[in-house]
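One structure below.
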Amino acid sequence: MSVYQREYNPKKPKGIENKKAYLVGSGIASLAAAFYLIRDGHMDGKNITIFERKDINGGALDGIGDPENGYIIRGGREMEEHYECTWDMFADIPSLEDPNKTVLDEMKEINDWDPNVSAQRVIKSGGERVPVKTLGLEEKHIKQLTKLFLMKEEDLGAMTVEEFFDPSFLETDMWLLWRSMFAFQNWHSVLEMKRYMERFIHLLPGMTELRDILFSKYNQYDSFVIPLIRWLKEHGVNFVNNTQVIDLDIDITENEKVVTGIHLIQNGEKKYIKTTRDDLVFVINGSMTENSTLGSMDKAPELNTELGPVWNLWKNIAAKDPAFGRPEVFYENIDKTKWESFTMTFKDSKIADVLRDLTGRDPYSGRVVTGGIVTIKDSNWLMSVTCSRQPHFANQPDNVLVLWAYGLFPDNEGNYIKKKMSECTGEELLRELLYHLGVEGELMEEIVDSAIVIPAMMPHITSQFMPRVKGDRPEVVPEGSVNLAFLGQFVEIENDCVFTVEYSVRSAIIAVYKLLNLDKKVPEIYPSKYDIRHVINATKTLYSGKPLPAEFFVKKLLKDTSLEGLM
357 MSVYQREYNP KKPKGIENKK AYLVGSGIAS LAAAFYLIRD GHMDGKNITI
407 FERKDINGGA LDGIGDPENG YIIRGGREME EHYECTWDMF ADIPSLEDPN
457 KTVLDEMKEI NDWDPNVSAQ RVIKSGGERV PVKTLGLEEK HIKQLTKLFL
507 MKEEDLGAMT VEEFFDPSFL ETDMWLLWRS MFAFQNWHSV LEMKRYMERF
557 IHLLPGMTEL RDILFSKYNQ YDSFVIPLIR WLKEHGVNFV NNTQVIDLDI
607 DITENEKVVT GIHLIQNGEK KYIKTTRDDL VFVINGSMTE NSTLGSMDKA
657 PELNTELGPV WNLWKNIAAK DPAFGRPEVF YENIDKTKWE SFTMTFKDSK
707 IADVLRDLTG RDPYSGRVVT GGIVTIKDSN WLMSVTCSRQ PHFANQPDNV
757 LVLWAYGLFP DNEGNYIKKK MSECTGEELL RELLYHLGVE GELMEEIVDS
807 AIVIPAMMPH ITSQFMPRVK GDRPEVVPEG SVNLAFLGQF VEIENDCVFT
857 VEYSVRSAII AVYKLLNLDK KVPEIYPSKY DIRHVINATK TLYSGKPLPA
907 EFFVKKLLKD TSLEGLM
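As structure tokens, then:
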């Protein structure tokens, strides 16, 4: 991002002091929108209201608990240097622990001191280490990847990964690494896979070791959400919890779409807010974590298949105009969008010795332990586990360790516990993991006795990856919209990738800048796919393990990308 963009603050929009902003949902997209309304839109924070159905804010960026009852993190976020929008915002937010540093300062310092690299990316049952130095691709797979890179999005349509690739590609190490890192399934959109390839092509050379991936000091709730909410409250933003927005009144004519009212339920009582064309309404449409349920050490989480409030709101809005998208594309196939995770809290546990044996690292050192997820290649659940820097919570005692794991196939029977993952208690999930780590007998019993395990079933967690076509996701600001914008993972943003914090923050910037007509550009997506150096390095990585001279990769690149005649 240019220095000009970072330092330039647009002029105060005319009439901004008379505008009010209403944001539906308190996920990172809404929090970011509130931030940009204040910093770049010069809106007084007291004129901004964020409605949240639950009694806690932050959306999918969660992290809660204590050592006595156990910690909960439904998921984690892998980040990288070129999250241009995210770092633009957090460059102005003081960190949780040191107000003289920003969140961005803290991220840079800890990742410079402790750069991430995977200690053991893949294992087999019993704790057998699996070396993964290459992506294991054949020539036909590389040709298909090149074809995908070059194809137009409109030509891919709703095609799935398994429809695009040769079946043998789904058995390669690349697909194992890819699907476990990003939670892709065979039936997910190959268009979304294409976007990931192009957006993060500069990271491909480090894929086998998860190099150049950034992790926050603590979980993302402590490291990102709490500091951001604190800043917003200091600027007067109103957080209204236990309030569910159920519908919007929208006046739709041939040329304009204007929100004229907000229907909501607050503490069980129906209420109505009348809005004018000068007011702004931002809606997070859809949710990855909607209808999530928790289990316990002796209880499996239930699968909630009801249409949740967030999806129902989008459904009500979408019924008013095709420009507002088609939510059913994303919420109707729960069997294809669900998976389960579980958080493990250990006190004075010998799990620390198991981690040392697996990674060669001391989990109490304050540095990364596993360096990202460790995937169990032959797990029937395709289970992955990670131990981040400890402590992972700001209130975590020195003798406590927190691990997180997830399985992509919750309906499969376990290798050790002969039950579906979705039917397992927290204790059974832990026993299955320990079996795969090579822990048995008395040691298994000691570790189980030292643990609190809380499972989380998430029916819509990969709904954003479902095959879709143009129009299924609304534009951030639909055509003709005067005062309505959509935010989050289910809006259409050209060239960027869903299932990232960056996508949500980018949607917020687009929404604020467009609705306020600000004279400032949205930070550009890092153009790595246009950098010949990154493309050549990615090509080398695809052919890694093959004894070929360096000049081969340049010639191959030029030929496969039809650039030969241009050079």
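Numbering (this note's numbering), first residue to last: 357 to 923.
Here a beta-carbon is modelled for each residue, glycine too, at the ideal position from N, C-alpha and C.
As the structure is a prediction and not an experimental result, all values here were calculated from the model.
Could you tell me if residue i is buried or exposed, where buried requires 16 or more neighbouring beta carbons within 10 angstroms of its beta carbon?
{"i": "L491", "result": "buried"}
{"i": "T856", "result": "buried"}
{"i": "W667", "result": "buried"}
{"i": "R889", "result": "exposed"}
{"i": "S721", "result": "exposed"}
{"i": "N472", "result": "buried"}
{"i": "W531", "result": "buried"}
{"i": "K627", "result": "exposed"}
{"i": "R970", "result": "No information on residue 970 is available, as it lies outside the stretch 357 to 923 that the chain covers here."}
{"i": "D801", "result": "For the sequence presented, residue 801 should be read as Glu rather than Asp. Under this definition E801 is an exposed residue."}
{"i": "E462", "result": "buried"}
{"i": "Y427", "result": "buried"}
{"i": "D468", "result": "exposed"}
{"i": "K354", "result": "Look at the range of the chain in this structure, 357 to 923, and you will see that residue 354 is not part of it."}
{"i": "N839", "result": "buried"}
{"i": "T609", "result": "exposed"}
{"i": "D635", "result": "buried"}
{"i": "Y687", "result": "buried"}
{"i": "L506", "result": "exposed"}
{"i": "Y886", "result": "exposed"}
Near residue i, what residues of its chain come up, given a Cβ to Cβ distance below 6 Å and the 5 sequence neighbours on each side ignored?
{"i": "E373", "result": "none"}
{"i": "I498", "result": "L898"}
{"i": "L387", "result": "L584"}
{"i": "G694", "result": "Note on identity: in this sequence residue 694 is Lys, with Gly being the wrong assignment. Taken in chain order, the residues that qualify are P815."}
{"i": "K692", "result": "W543"}
{"i": "R433", "result": "Q576, V857"}
{"i": "G371", "result": "none"}
{"i": "N623", "result": "N598"}
For residue i versus residue j, is the C-beta distance shorter than 7 Å?
{"i": "V546", "j": "V517", "result": "yes"}
{"i": "T731", "j": "S536", "result": "yes"}
{"i": "P830", "j": "G664", "result": "no"}
{"i": "F521", "j": "I406", "result": "no"}
{"i": "K781", "j": "K655", "result": "What sits at residue 781 in the sequence shown is Thr, not Lys. In this structure, K655 lies closer than 7 Å to T781 by Cβ."}
{"i": "T528", "j": "L560", "result": "no"}
{"i": "N403", "j": "K376", "result": "yes"}
{"i": "P369", "j": "D875", "result": "no"}
{"i": "E408", "j": "N597", "result": "yes"}
{"i": "T661", "j": "I690", "result": "yes"}
{"i": "E593", "j": "G381", "result": "In the sequence as presented, Glu is not what sits at residue 593; that position holds Val. No, the pair does not count as a contact, with Cβ atoms beyond the cut-off."}
{"i": "M563", "j": "L526", "result": "no"}
{"i": "S900", "j": "H558", "result": "no"}
{"i": "V825", "j": "A475", "result": "no"}
{"i": "F765", "j": "E548", "result": "no"}
{"i": "P834", "j": "A679", "result": "yes"}
{"i": "Q746", "j": "L759", "result": "no"}
Please go through the same chain and pick out, in chain order, the residues whose beta-carbon is closer than 8 Å to the beta-carbon of residue i, but skip the five residues on each side of it.
{"i": "R712", "result": "D718, P719"}
{"i": "V832", "result": "A841, F842, L843, V847, E848, I849, S863, I866, A867, K870"}
{"i": "P683", "result": "N641, G642, W667, W670, K671, A674, F846"}
{"i": "D605", "result": "V615, T616, G617, I618, H619"}
{"i": "T631", "result": "K376, Y378, V615, T616, G617, I618, V637, N839"}
{"i": "K503", "result": "none"}
Got a sec? Which residues, its chain only, sit under 7 Å from residue i by beta carbon, not counting five neighbours each side?
{"i": "M445", "result": "A388, F391, V861"}
{"i": "E646", "result": "G664, V666, W667, H816"}
{"i": "R935", "result": "Outside the displayed span of the chain (357 to 923) sits residue 935, for which this structure offers no information."}
{"i": "E312", "result": "The first residue shown for the chain is 357 and the last is 923, placing residue 312 beyond what the model contains."}
At a cut-off of 6 Å, would you count residue i as near the ligand NAD, judging by its Cβ distance to the nearest heavy atom?
{"i": "K508", "result": "In terms of ligand content, the structure shown is empty, and the ligand NAD therefore cannot be addressed."}
- prompt: Are at least three pairs of beta-carbons, each pair with one atom in the segment 538-556 and one in the segment 445-458, less than 8 Å apart?
  reply: no
- prompt: How about the segment 688-699 and the segment 810-826: do they share at least three Cβ pairs that are nearer than 8 Å?
  reply: yes
- prompt: Quick one: any contact between the segment 550-559 and the segment 721-738, if contact means 3 or more CB pairs under 8 Å?
  reply: no
field: Three or more C-beta pairs below 8 Å linking the segment 631-640 and the segment 833-847
entry: yes
- request: Count the CB pairs spanning the segment 469-487 and the segment 784-796 that are closer than 8 Å, and state whether there are at least three.
  value: yes
query: Are the segment 416-428 and the segment 565-585 touching by the rule of at least three beta carbon pairs closer than 8 Å?
result: yes
query: At what residue ranges does the segment 550-611 contain a whole run of the alpha helix (DSSP H), taking only runs of 4 or more?
result: 582-590
query: Should the segment 767-782 be regarded as contacting the segment 610-620, the criterion being three or more beta carbon pairs within less than 8 Å?
result: no
- prompt: In chain order, which continuous runs of the beta strand (DSSP E) of length 3 or greater are located wholly inside the segment 476-505?
  reply: 478-480, 484-486
- prompt: Do the segment 563-575 and the segment 432-439 make contact, defined as three or more Cβ pairs closer than 8 Å?
  reply: yes
field: Entirely enclosed alpha helix (DSSP H) segments - the segment 375-400, minimum 4 residues
entry: 384-395
Runs of beta strand (DSSP E) lying entirely within the segment 400-476, each at least 3 residues, in chain order: 404-407, 420-422, 426-428
field: Uninterrupted beta strand (DSSP E) stretches inside the segment 716-771 (no shorter than 3 residues)
entry: 730-732, 739-742, 756-763
- request: Scan the segment 627-706 and note each continuous beta strand (DSSP E) run of 3 residues or more that stays entirely inside, going in chain order.
  value: 636-640, 695-703
message: Extract the residue ranges of the alpha helix (DSSP H) inside the segment 800-842, only unbroken runs of 4 or more that lie entirely within it.
response: none
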